[in-house]
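Read the structure below first, then the notes.
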Amino acid sequence: MELDEFRAGVDDWLAQNRDELAPGHRGAGSLDEQVAQLAKVKRLAFDAGWMRWGWPERVGGLGGSTLPRAYLGEALTAADLVEPGIYSMTEVLAPTMIGYAAPELAAAMVPRLLRGDETWCQGFSEPGTGSNLAALSCRAVRVDRAWRVSGQKVWTSLAQYAQRCVLLVRTGAPDSAHRGITALFADMDSPGITVRPIETVHGAPEFCEVFFDDVAVPLDRTLGEEGQGWSVAMDLLPFERSTALWHRGAHLQHRLGQLLERAPAGSLDPVALGETVQLLATLRARSRATQHRMAAGERLGPETSIDKVLLATAEQALFDLAEGALAEEVLLGDDVTSARWRSEFLYSRAATIYGGTAEIQRNIIARRLLDLGDDR
Amino acid sequence: MDATERDLFADAVRRATDAHVDDARALDGALEELGWHDALAADPRLAVPVLFESLGASNATSSALDAALRAGLGLADERGVVAVLPPLGGAAAPGTVTDTESVGGDTVSVRGIATRSPEDDTAALVVAATTDGNVAATVEANRLSFRRVEGMDPRLGLATVAGTLPASLPRAALAPGAWASAVDLVRLALGHELVGAAGAMLELARDHALERVQFDRPIGAFQAVRHRLADTLVAVEGARALLDAAWEDGSSATIAMAKATAARAARVSARHCQQVLAGMGFTTEHRLHRYVRRVLVLDELFGSARALTRGLGDDLLAGGPLPAPIPL
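Here the protein sequences come in this chain order: A and B.
The first sequence begins at 2 in this note's numbering and counts up by one.
The second sequence begins at 45 in this note's numbering and counts up by one.
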């Protein structure tokens, strides 16, 4: 389907089904409410077909260009129907399954994610492994026809809701670095998994600690080959910086409009405002080019780190502006609208941390794009 | 042109700007031979980025900005006519009709700058704002006072222009929006020249970071240096993407944002690259200073980043609409 046709169709569908799609909660809603709303919207969008365009037919999609995926998320985000961060997890996890899972496994599982039947999480970071992902130590050993996994993950978004987990484990020697890592697809109801949500600064228990105590994961749940986990991770990370960022940029644009409506007279500095608008336009222009490269079948790589730096810069600029202009609400307000500005301001501080810190992105840019060689 | 022809054209243009860095007249001749002016008329989206990125990257000068202005105004291409550009900082038409009835009729007051002093040019193009819209007049160049300036960037060869012309001189009415279209096209051209220069500074600094050894390793191994260069690349690539989107979208609002963003990227690049090049870059034996000088002046032509950014904020606070988001 052509993008114009898709856009018109989605816009029309959103207008026709406004009431059914609308969230039951006011303001941002609790995390429970956001997750339930997400599942509802995905189910409706899948049944109407919109959620299926741009995904391969072998995993329940309708095929075609990936651009419709970018537009659908933009439209849902701009209409405040979904929280963009949790919506975009599909854009990160489904391509990994399509690229690395056995075909039957991908065919069985991916439709559940697209349709909103299931929530998946991504078990990468560990207490001792933040930026230095290759040092992870959560261990898996082969026993008969299964992996036995023991260790701990942390900062695992939505693990408390998840039915499945894309999990990185150490299968090589402890010092095997990026060579000895394998990716698995684990069922979160497996015996031996304990999930503990973490209360975060911005007020939603979005992240969890996940403990694995001799958890069995069948061998056919290996993503790619044994020892190929680093490639799986390196292919996954650009997806965090492509369509997901397009959606987030659309959300920020939407919030900028709301800030302009809400800010009291004299509270916005024109220079800071003008610059924020330009930063958001720059992010959108860059991310647009990335969407088109992806749609043309180009393999995304380290150049998406530029998109991420632009996103983090624009997001923090926007919420710095909002915190200053709406100080009364952000600092003293206890109503749902104020709580949302406060929560998003606080969450924006993480834009330079999650998905590879600002420092890691710059390291990638220096080494891979500027070819400055090793940094030690 | 197909993709191969476009690449060949771009390579030829870049060779010309490299070959004639300090000779604008020779470069004009080379561009003429390459058919750049025909390309400008046929496909500005091809011709403008190719030439102006090269001008910025080579630190070359030419009369191409005048050609872009004429093309934007919808005027036929005419060599040997120097265009009067708006004074530094703004983008208003350089001529204004002044009511001086008391001394015998209206006059056109002209104040602006030009890409060169009219040594070979016998005529000057002046666009003036009147109460009935903008008009264009081509006058003998010696009726205006051109003064060549050295200033921050002597190699650029700019001149200031001032004078008073009788309102009765022959002039042609411009179509509504013609001046705005010309401003758009010139801003795109300047944006590309700025990112070309910003990218060239980054290349100089990157090469230096790999060659210069301190504490027994190339300074490019130090994270503080690497991150400055990474930030520069982010700024340059972001500006490039916004310029590209501005061509796609074509709105004056996006073009103004793209020009401001390109100028900011060039200033980011100048700041970081000058720091990385340190003592070496602080001598005139190194090329860096030429680019630093150039981008400071280019930023101020047709609206500086500072002025455009404040203007955008002021418009929004006065109730103006947000620029329409660039469509996917």
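Just so it is clear, CB atoms sit at the ideal spot from N, CA and C, and this is done for glycine as well.
What you are looking at is a predicted structure, and each value in this text was computed from that prediction instead of being measured.
Practice prompt. Kindly say whether Ile299(B), judged by its beta-carbon, lies nearer than 9 Å to any beta-carbon of chain A.
Written response: no
Worksheet item: Glu345(A) touches chain B at which residues, Cβ-Cβ below 8 Å?
Response: Chain B residues near Glu345(A): none, gap ~18 Å exceeds 8 Å.
Fill in: Leu159(A) versus Val312(B) - alpha carbon distance
The straight-line gap from Cα to Cα measures roughly 39 Å.
Discussion item. For a contact defined as C-beta to C-beta under 8 Å, what are the partners of Asp374(B) on chain A?
Written reply: Because chain B is modelled from 45 through 372, residue 374(B) falls outside the range shown and cannot be assessed.
Worksheet entry | Leu52(B) classed as buried or exposed, judged by whether at least 16 other C-beta atoms fall within 10 angstroms | exposed
Worksheet entry | Backbone secondary structure at Cys317(B) - three-state DSSP | DSSP places Cys317(B) in helix when its eight states are reduced to three.
Discussion item. Please report the straight-line C-alpha distance between Ala85(B) and Arg350(B), rounded to a whole angstrom.
Written reply: 31 Å
Discussion item. Give me the subset of the region 234-261 of chain B whose CB atoms are less than 9 Å from a CB atom of chain A, sorted by chain position.
Written reply: Leu246, Arg250, Ala253, Leu254 and Arg261
Worksheet item: If you measure from the beta carbon of Asp343(B) to each beta carbon in chain A, is any gap under 9 Å?
Response: no
Discussion item. Between the alpha carbons of Leu109(B) and Ala91(B), how many angstroms are there, rounded?
Written reply: Cα to Cα, the separation comes out at about 12 Å.
Discussion item. Taking the alpha-carbon of Leu238(B) as reference, which of Leu95(B), His81(B) and Trp80(B) has the nearest alpha-carbon?
Written reply: Leu95(B)
Worksheet item: Is there at least one Cβ from chain A nearer than 9 Å to Ile157(B)'s Cβ?
Response: no
Practice prompt. Could you say which of Gly357(A), Cys166(A) and Ser132(A) lies nearest to Met110(A) if we only look at CA atoms?
Written response: Among Gly357(A), Cys166(A) and Ser132(A), the Cα nearest to that of Met110(A) belongs to Cys166(A).
Discussion item. Please report the distance separating the alpha-carbon of Asp66(B) from that of Arg337(B).
Written reply: 15 Å
Discussion item. Taking a contact to mean a Cβ-Cβ separation below 9 Å, would you say Gly230(A) touches Thr172(A) in this structure?
Written reply: Between Gly230(A) and Thr172(A), the C-beta spacing is below 9 Å.
Worksheet item: Considering Glu75(A), what are the terminal residues of the alpha helix (DSSP H) in which it resides?
Response: Secondary structure note for Glu75(A): its alpha helix (DSSP H) is the uninterrupted segment Leu68 to Ala79.
Item to complete: State yes or no: is the beta carbon of Glu77(B) nearer than 9 Å to at least one beta carbon in chain A?
Response: Not one chain A Cβ lies under 9 Å of Glu77(B).
Worksheet item: Leaving out five residues before and five after Glu316(A) in sequence, what residues of the same chain have Cβ atoms less than 7 Å from its Cβ?
Response: Leu253, Ser349 and Ala352
Worksheet entry | Min CB distance Ala352(A) to chain B below 9 Å | no
Worksheet item: Between the region 182-198 of chain A and the region 212-223 of chain A, are three or more C-beta pairs nearer than 8 Å?
Response: yes
Item to complete: For Arg160(B), collect the residues of the same chain with a Cβ closer than 7 Å to its Cβ; drop the 5 residues on either side in sequence, then sort them by chain order.
Response: Ala68, Ser107, Val126, Gly201 and Ala203
Worksheet entry | Ser151(A) - partner residues in DSSP beta bridges | Arg140(A)
Worksheet item: Can Leu99(B) and Gly240(B) be called in contact, C-beta distance under 9 Å?
Response: yes
Fill in: For Val83(A), three-class secondary structure by DSSP
coil
Worksheet item: Listing by chain order, which chain B residues have their CB less than 9 Å from the CB of Gly275(A)?
Response: Met301, Ala304, Leu352, Thr353, Arg354, Gly355, Leu356, Gly357, Asp358, Asp359 and Leu360
Discussion item. With the cut-off set at 9 Å, would you say Leu45(A) and Arg53(A) are in Cβ contact?
Written reply: No, Cβ-Cβ distance for Leu45(A) and Arg53(A) is not below 9 Å.
Worksheet entry | Reduced DSSP secondary structure (H/G/I, E/B, other) of Asp275(B) | helix
Worksheet item: Within the 9 Å Cβ cut-off, does His333(B) reach chain A?
Response: Chain A contact via Cβ: absent.
Practice prompt. Using beta-carbon positions only, say whether Leu322(A) and Leu274(A) come within less than 9 Å of one another.
Written response: yes
Fill in: Helix, strand or coil at Asn178(B) according to DSSP, with G and I counted as helix
strand
Worksheet item: In this structure, what does DSSP give as the bridge partners for Ile182(A)?
Response: Arg171(A)
Fill in: 7 Å CB neighbourhood of Pro57(A) in its chain, flanking five on each side removed
Gly64 and Ile99
Worksheet entry | Alpha-carbon spacing of Ala253(B) relative to Ala310(B), whole angstroms | Their backbone Cα atoms lie some 19 Å apart in a straight line.
Worksheet entry | Cross-chain neighbours of Asp275(B) in chain A, by beta carbon under 9 Å | Val310, Arg363 and Ile366
Discussion item. Can you confirm whether Ala290(A), when its beta carbon is compared against all beta carbons of chain B, has any partner nearer than 9 Å?
Written reply: yes
Discussion item. Quick check: the Cα distance between Leu209(B) and Arg155(B), rounded to an integer number of angstroms?
Written reply: 11 Å
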